[in-house]
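*Asks:*
Chains as they are written, first to last, in the working numbering: chain H, 144 to 330; chain V, 144 to 330.
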């Protein structure tokens with residue numbers, strides 16, 4: 144697909160509570176400000192429109208990820224800036240999406256540690272996972288296979304979400320997916 | 144969406160065997176020849192990538208149609224020529240898709256009669272539906288609600304698929320979705 148499009152898919156992966164959606168929601172408007180037509184494929188949008196009925200078995204998780212990947216591929220071909228925020232715990236499945244989208248796929252590993260995610264526990268899910276009330280919880284009772292060759296790695300600890308988002312934007316500039324903005328406007 | 148895109152969704156509806164996919168597969172390349180980037184959302188593509196696991200209950204049929212509609216909407220916004228060929232038997236569900244896509248939605252009713260579809264019976268499905276071997280078969284044991292206000296109506300009886308496809312193209316020109324081609328090239 145590489146030569147026929149300026150589109151790309153920004154694929155945020157990481158543990159529950161790592162900050163994927165929070166960072167993605169800051170990156171999206173910044174891309175739009177730069178003239179890119181952005182699609183967010185995550186959270187409620189995906190659950191309501193693509194994946195209703197799927198659960199948390201490996202098979203269902205994979206179906207969900209491949210379905211998002213399929214739609215991201217179609218949109219990328221039309222020049223979209225697609226933003227996906229999904230735990231996407233399995234390396235093999237993420238690599239299948241990478242294969243579909245080719246060199247317009249940008250894997251963003253939000254590398255917040257399990258300890259830090261559990262400490263923040265924004266939604267109270269880790270407490271329930273550790274107590275066994277929630278089964279099949281990624282990082283606790285279900286695997287998370289961290290990316291080894293992500294295009295962008297975001298270390299969130301000690302950084303604000305805005306700083307993390309800025310890091311993603313800067314990396315996108317350096318990788319050539321978006322144009323560099325001049326430091327100063329030229330008259 | 145109207146003003147921000149030249150994209151559109153061509154939604155072929157009609158009975159099984161009416162000729163939806165056959166006509167769509169001729170229309171697609173003609174649109175591409177005219178410089179439109181086309182996405183086909185039908186048949187195996189949808190079954191494999193979006194709707195695996197769905198059956199033929201009203202609920203599952205609706206979920207399938209709404210899911211295709213969701214993806215068509217996203218692509219249309221990016222200027223795609225989206226081609227959908229789906230029985231889509233329920234008027235209410237097609238109207239929900241129309242609502243999502245707005246004035247870039249083009250309903251194409253492939254109006255082949257039940258008698259004619261059953262006579263052709265290309266895939267042998269009608270024989271099985273009439274014998275009861277296949278349950279929930281649209282037009283036989285399940286309803287088909289014909290569109291009353293389709294943008295384009297295709298009468299296939301007595302017409303070749305090529306003629307039907309040409310009718311769709313001509314109507315798209317007249318409705319302003321694609322540019323008219325000159326009768327003769329101008330030097």
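Each residue gets a CB set at the ideal place from its N, CA and C atoms; glycine is no exception.
1) Hey, would you say residue 290 (chain H) sits closer than 9 Å to residue 234 (chain H), going by beta carbons?
2) Using 8 Å as the threshold, is the stretch 243 to 255 of chain V in touch with the stretch 178 to 191 of chain V, meaning 3 or more CB pairs across them?
3) Any residues in the stretch 218 to 239 of chain V with a beta carbon nearer than 8 Å to a beta carbon of chain H? Which ones, in chain order?
4) Going along chain H, which residues have a C-beta under 9 Å from residue 213 (chain V)?
5) Please determine, among H:267, H:174, H:241, H:158, the residue with the shortest C-alpha to C-alpha distance to residue 311 (chain H).
6) Mind checking the stretch 169 to 184 of chain V against chain H and listing, in chain order, the residues whose C-beta falls within less than 7 Å of any C-beta there?
7) Return yes when the Cβ of residue 159 (chain V) is within less than 9 Å of the Cβ of residue 268 (chain V), no when it is not.
8) Classify residue 149 (chain H): buried if its beta carbon has 16 or more other beta carbons within 10 angstroms, exposed otherwise.
9) Check the C-beta distance from residue 236 (chain H) over to residue 208 (chain H) and give it rounded, since I have them as a contact under 8 Å.
10) Less than 9 Å between CB atoms is the rule here; does residue 196 (chain V) satisfy it with respect to chain H?
11) Report, in whole angstroms, the separation of the C-beta atoms of residue 226 (chain V) and residue 167 (chain V), which I expect to be a contact under 8 Å.
12) Less than 8 Å between the CB atoms is what I'm expecting for residue 213 (chain H) and residue 217 (chain V), so what's the real figure, rounded?
13) Going by other Cβ atoms of all chains shown within 10 Å of its Cβ, with 16 needed for buried, is residue 266 (chain H) buried or exposed?
14) Have a look at residue 321 (chain V) and residue 260 (chain V) and give me their C-alpha separation to the nearest angstrom.
15) Which chain V residues sit within Cβ distance under 9 Å of residue 293 (chain H)?
16) Measure the C-alpha to C-alpha separation of residue 189 (chain H) and residue 243 (chain V) and round it to an integer number of angstroms.
17) Is the separation between the beta-carbon of residue 232 (chain H) and that of residue 204 (chain H) shorter than 9 Å?
18) Between which two residues does the beta strand (DSSP E) containing residue 155 (chain V) stretch?
19) Kindly identify the DSSP beta-bridge partner or partners of residue 395 (chain V).
20) Rank H:165, H:156, H:157, H:155 by C-alpha distance to the C-alpha of residue 304 (chain H) and give the top, closest one.
21) Of the residues H:245, H:153, H:161, which one's Cα is nearest the Cα of residue 287 (chain H)?
22) Mapping DSSP to helix, strand and coil, what is residue 295 (chain H)?
23) Residue 201 (chain H) versus chain V: which residues are under 9 Å apart at the beta carbon?
24) Could you pull the DSSP bridge partners for residue 228 (chain V) from this structure?
25) For residue 277 (chain H), I'd like the list of residues in its chain whose CB is within less than 6 Å of its CB, leaving aside the five on either flank, ordered along the chain.
26) Please look up how many angstroms separate the CB atoms of residue 228 (chain V) and residue 155 (chain V), rounded, as I've assumed it's under 8 Å.
27) The stretch 237 to 269 of chain H: which residues have C-beta closer than 7 Å to a C-beta of chain V, in chain order?
28) Can you tell me whether DSSP reads residue 214 (chain V) as helix, strand or coil?
29) Identify the residues that DSSP records as bridge partners of residue 248 (chain V): which are they?
30) May I have the straight-line CA-CA distance separating residue 157 (chain H) from residue 220 (chain V), to the nearest angstrom?
31) Using CA coordinates, which residue listed in V:274, V:302, V:300, V:247 is at the minimum distance from residue 293 (chain V)?
32) Rounded to whole angstroms, what's the CA-CA distance from residue 146 (chain V) to residue 285 (chain H)? Just pull it up for me.
33) Buried or exposed: where does residue 195 (chain V) fall if 16 or more other Cβ atoms within 10 Å of its Cβ makes it buried?
*Replies:* The relevant details are as follows:
1) By 1-based counting over the first chain, the position of residue 290 (chain H) is 147. By 1-based counting over the first chain, the position of residue 234 (chain H) is 91. Against a cut-off of 9 Å, the Cβ pair of residue 234 (chain H) and residue 290 (chain H) comes out as a contact.
2) no
3) 218, 220, 221, 222, 223
4) Start at 1 with the first residue of the second chain, and residue 213 (chain V) comes out as number 70. Those within 9 Å of residue 213 (chain V) in chain H are 188, 191, 192, 193, 214.
5) Numbered from its first residue, the first chain carries residue 311 (chain H) at position 168. Closest by alpha carbon: H:174.
6) 180, 182
7) By one-based count along the second chain, residue 268 (chain V) stands at place 125. By one-based count along the second chain, residue 159 (chain V) stands at place 16. Cβ distance < 9 Å, so residue 268 (chain V) and residue 159 (chain V) count as in contact.
8) Translated into the one-based positions of the first chain, residue 149 (chain H) becomes position 6. Exposed: under 16 other Cβ atoms inside 10 Å.
9) Numbered from 1 along the first chain, position 93 holds the residue referred to as residue 236 (chain H). Numbered from 1 along the first chain, position 65 holds the residue referred to as residue 208 (chain H). With a Cβ gap of about 5 Å, residue 236 (chain H) and residue 208 (chain H) count as contacting.
10) Numbered from 1 along the second chain, position 53 holds the residue referred to as residue 196 (chain V). Interface residue, yes.
11) Along the second chain, one-based indexing puts residue 226 (chain V) at 83. Along the second chain, one-based indexing puts residue 167 (chain V) at 24. That pair is a contact at about 5 Å.
12) Counting from 1 along the first chain, the entry for residue 213 (chain H) is found at position 70. Counting from 1 along the second chain, the entry for residue 217 (chain V) is found at position 74. Not confirmed; about 12 Å, so no contact.
13) As a position in the first chain, residue 266 (chain H) is number 123, starting the count at 1. Classification of residue 266 (chain H): exposed, given that the 10 Å Cβ count is below 16.
14) Numbered from 1 along the second chain, position 178 holds the residue referred to as residue 321 (chain V). Numbered from 1 along the second chain, position 117 holds the residue referred to as residue 260 (chain V). Looking at the two C-alpha atoms, the distance is approximately 30 Å.
15) Numbered from its first residue, the first chain carries residue 293 (chain H) at position 150. Chain V residues near residue 293 (chain H): none, gap ~25 Å exceeds 9 Å.
16) Residue mapping note: residue 189 (chain H) aligns to position 46 of the first chain, counting from 1. Residue mapping note: residue 243 (chain V) aligns to position 100 of the second chain, counting from 1. Their backbone Cα atoms lie some 16 Å apart in a straight line.
17) Counted from its first residue, the first chain places residue 232 (chain H) at position 89. Counted from its first residue, the first chain places residue 204 (chain H) at position 61. Contact: yes.
18) Taking the second chain and counting its residues from 1, one reaches residue 155 (chain V) at position 12. Per DSSP, residue 155 (chain V) belongs to the beta strand (DSSP E) from 151 to 156.
19) Given a span of 144 to 330 for chain V in the structure shown, any question on residue 395 (chain V) remains unanswerable.
20) The residue given as residue 304 (chain H) occupies position 161 in the first chain. Here the closest residue by C-alpha is H:165.
21) Start at 1 with the first residue of the first chain, and residue 287 (chain H) comes out as number 144. When each option's Cα is compared against that of residue 287 (chain H), the closest is H:161.
22) In the first chain, the residue the question calls residue 295 (chain H) occupies position 152. DSSP places residue 295 (chain H) in strand when its eight states are reduced to three.
23) What you label residue 201 (chain H) is simply residue 58 of the first chain in a count that begins at 1. None at all; the shortest Cβ gap to chain V is about 15 Å.
24) By 1-based counting over the second chain, the position of residue 228 (chain V) is 85. Per DSSP, V:155, V:185.
25) By one-based count along the first chain, residue 277 (chain H) stands at place 134. Only 271 meet the Cβ criterion.
26) Residue 228 (chain V) sits at position 85 when you count from the first residue of the second chain. Residue 155 (chain V) sits at position 12 when you count from the first residue of the second chain. That belief holds up - the Cβ atoms of residue 228 (chain V) and residue 155 (chain V) are roughly 4 Å apart, short of 8 Å.
27) none
28) The residue given as residue 214 (chain V) occupies position 71 in the second chain. Helix, per DSSP.
29) One-based indexing of the second chain puts residue 248 (chain V) at position 105. Per DSSP, V:152.
30) Taking the first chain and counting its residues from 1, one reaches residue 157 (chain H) at position 14. Taking the second chain and counting its residues from 1, one reaches residue 220 (chain V) at position 77. Using only the alpha carbons, I get a separation of about 29 Å.
31) Along the second chain, read from residue 1 onward, the residue named residue 293 (chain V) stands at position 150. Residue 293 (chain V) has its Cα closest to that of V:247, out of V:274, V:302, V:300, V:247.
32) The residue given as residue 146 (chain V) occupies position 3 in the second chain. The residue given as residue 285 (chain H) occupies position 142 in the first chain. Note that residue 146 (chain V) scores 41 on pLDDT, short of 50, meaning its location in the model is unreliable and no value can be drawn from it.
33) Counting from 1 along the second chain, the entry for residue 195 (chain V) is found at position 52. By the 10 Å Cβ count, residue 195 (chain V) comes out exposed.
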